[in-house]
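Trainee: Just so we're aligned, residue 3 is where the sequence shown starts under the working numbering, counting upward by one.
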Amino acid sequence: MSEKHWSRMEYLHQTVTNPNIVIKGTHSYYSDCWDHGFERSVVRYLLGDEISRDWEPLGHLDKLIIGNFVCIGAESVILMGGNSTHRLDWISLYPFMASIKDAYEFRGDTVLHDGCWLGMRAMIMPGVTLGEGAVVAAGAVVTKDVPPYAVVGGNPAKIIKYRLPVGDIERILALNLYQLPEESLVKMQPLLSSGDISALEVEVASLRQNAK
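(1) Excluding five sequence neighbours on each side, which residues of the same chain lie with their C-beta closer than 7 angstroms to the C-beta of LEU14?
(2) Quick one: measure Cβ to Cβ for ALA142 and GLY133, integer angstroms, because I've assumed they're closer than 8 angstroms.
(3) Pick helix, strand or coil for MET3, following the three-state DSSP scheme.
(4) According to DSSP, ARG42 sits in a beta bridge with which residue or residues?
(5) Below 9 angstroms between beta carbons: does that hold for LEU81 and MET127?
(6) Quick one: grab the DSSP three-state call for GLY197.
(7) Three Cβ pairs or more, each shorter than 8 angstroms: is that satisfied between the region 203-214 and the region 165-181?
(8) Where THR28 and TRP8 are concerned, what is the direct C-alpha to C-alpha distance, given to the nearest angstrom?
(9) Which value, in whole angstroms, describes the spacing of the CA atoms of MET3 and ILE74?
(10) How many Å lie between LEU166 and THR112 at the Cα?
(11) Within 10 Å of its beta-carbon, does ASP116 have 16 or more other beta-carbons around it, so buried, or fewer, so exposed?
(12) Can you tell which of TYR151, VAL188, TRP36 and LYS103 has its C-alpha closest to the C-alpha of ARG10?
(13) Would you identify the three-state DSSP class for ILE161, choosing helix, strand or coil?
(14) State the start and end residues of the unbroken alpha helix (DSSP H) segment that holds THR112.
(15) Taking all protein chains shown into account, decide if SER86 is buried (16 or more other Cβ within 10 angstroms of its Cβ) or exposed.
(16) If you follow the alpha helix (DSSP H) that LEU14 is part of, which residue opens it and which one closes it?
(17) Who are the near neighbours of VAL44 in its chain, counting only those whose CB is closer than 7 angstroms to its CB and skipping five residues on each side?
(18) Can you give me the C-alpha to C-alpha distance between LEU194 and ILE161, rounded to a whole angstrom?
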């Protein structure tokens with residue numbers, strides 16, 4: 003069967019070719035079965051693809067930086083800086099070519115930190131950072147940075163709740179989990195797939211002690 007199936011995932015480190023997309027690790031994926039894949043369907047207006055890689059940049063080029071264990075739902079959209087040529091402070095929003103360089107406004111890199119999850123049809127606007135373990139609800143439009151382990155939804159997206167109590171989030175962030183070798187994280191899967199933070203702390207401390 004050659005058709006895509008919803009159970010299959012596109013692992014980004016295997017498919018991404020744009021040098022302005024930085025992929026960490028080998029576990030971040032896109033649920034691509036309903037469209038043409040991550041680079042063609044999700045990433046919009048990012049220079050560096052096969053058509054635009056020789057174009058003269060309008061200004062500083064932005065990058066899309068994706069951590070490890072990031073889950074990107076089907077038909078999500080990540081808007082990048084190539085679309086930042088509609089000036090709200092000008093009389094006309096139209097991107098006239100005669101003034102296109104003056105119209106360009108650098109928004110900064112877009113960053114999806116380790117372990118975050120974009121629900122189906124989520125939209126991430128240019129220059130946004132999603133914190134570690136953050137969740138973007140299906141159909142949300144994210145215009146501002148999202149704190150670690152927050153759940154956001156709506157248009158524009160707002161914080162609905164945090165996945166865990168603040169104290170637990172602080173304990174997890176203090177572990178710097180995603181600085182560990184990828185193979186160590188995979189071995190810790192039973193703990194990562196649980197709510198036992200105390201056991202995770204013991205395991206991480208042991209790993210770091212043995213690595214000395």
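All C-beta atoms in this analysis are idealised placements derived from N, C-alpha and C, irrespective of residue type, glycine included.
Predicted, not measured: the structure shown is a model, and the values here were computed from it.
Mentor: So, from the listed chains and residues:
(1) ILE25, SER30, TYR31, TYR32, PHE40 and ILE68
(2) Not a contact, Cβ separation roughly 15 angstroms.
(3) Since pLDDT at MET3 reaches only 41, below the 50 mark, its modelled position is unreliable, and the value read off the structure follows with that caveat. In the structure shown, MET3 sits in coil (DSSP, three-state: anything other than H, G, I, E or B).
(4) Paired residues: none, contrary to the question.
(5) yes
(6) coil
(7) yes
(8) 20 angstroms
(9) With a pLDDT of 41 at MET3, under the threshold of 50, the predicted position of this residue should be treated as unreliable, though the coordinate-derived value follows. Computed Cα separation, rounded: 24 angstroms.
(10) 25 angstroms
(11) buried
(12) TRP36
(13) strand
(14) Counting along the chain, THR112 falls outside any alpha helix (DSSP H), though it belongs to the beta strand (DSSP E) covering 112-114.
(15) buried
(16) 14-17
(17) TYR32, ILE74, SER78, VAL79 and ILE80
(18) 24 angstroms
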